[in-house]
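Here the structure is laid out as structure tokens; the discussion comes afterwards.
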């Protein structure tokens, strides 16, 4: 029988050291990008550092321009009505018989503006026009819009409309709460001068007649109660 000294010993894992040349390769692979960076600065000089500062702004400008193009900001911005002047194919547009006026301003697909109509005046004579806000779809042909205003310093949501645009022509489809104002889809067109007309003329007296009629009705109602 083999003695205890001659008894076989269990195999023990041996940790092998990495070759010396592998350590050097790893070391130089870590230093190489640093040398390349400083070499680029030495060769390009101040221009390289200046470009590195300008790059984020240029990327932001490029993205803004792309987003504006994608959502067709220029095509949305302007004044829209059923009586645009200057179109040769006006009859072919088949616009609605309506006095609805919508002004829109679009920035990277975010819409803001106003809506005014005599039907709006009759339904809500205290407002000359209502405010709009919404977003254009990714393909630029549709927008979901909230109609709102401010009463006593608080925002009051009045309803929703959907805008479907095909070139200079747009269909306005009323949603919940706004059906009493626009009972059916309305087709209007953008004024040919486009974004130059995005700011409409002041409409502080747009609903003046309807408002006066409401006040007269209230006065008559109050007088009838006193005589009873």
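In our numbering, the protein residues as written are 29 to 256.
Heads up, the beta-carbon is just placed ideally off N, CA and C, and yes, glycines get one too.
The criterion of a C-beta distance shorter than 7 Å is satisfied by residue 176 and residue 183. When DSSP states are grouped into helix, strand and coil, residue 128 belongs to the coil group.
Less than 7 Å divides the Cβ of residue 189 from the Cβ of residue 203. For residue 150, the enclosing alpha helix (DSSP H) starts and ends at 146-151.
Here the region 96-110 makes contact with the region 127-138; the two share three or more CB pairs at distances below 8 Å. Counting only residues of its own chain and dropping the five nearest sequence neighbours on each side, residue 214 has a CB closer than 6 Å to the CB of 124, 126, 128 and 200. Cβ atoms of residue 219 and residue 112 come within 8 Å of each other, at about 5 Å.
Bounds of any beta strand (DSSP E) do not take in residue 233, whose DSSP letter is neither H nor E. Cβ contact annotation for residue 162 (same chain, cutoff 7 Å, sequence separation greater than five): 139, 171, 172, 173 and 174, in chain order.
Rounded to the nearest angstrom, the gap between the Cα atoms of residue 88 and residue 246 is 56 Å.
Each of 121, 240 and 62 was checked against the Cα of residue 194, and the nearest Cα belongs to 121. Taking 7 Å as the cut-off, the beta carbon of residue 153 is found no closer than this to the beta carbon of residue 98.
In the three-state reduction of the DSSP assignment, residue 117 falls in the coil class.
For the pair residue 156 and residue 143, the CB atoms are not nearer than the 7 Å cut-off. Only exposed fits residue 185, as fewer than 16 other CB atoms lie within 10 angstroms of its CB.
Measuring C-alpha to C-alpha distances from residue 164 to each of 92, 61, 237 and 96 identifies 96 as the nearest. Per DSSP, the beta bridge partners of residue 174 are 161 and 188.
Setting aside the 5 residues that flank it on each side, residue 149 is surrounded in the same chain by 235 and 238, each with a C-beta closer than 6 Å to its C-beta; the list follows chain order. Going by DSSP, residue 103 is part of the alpha helix (DSSP H) stretching over 101-104.
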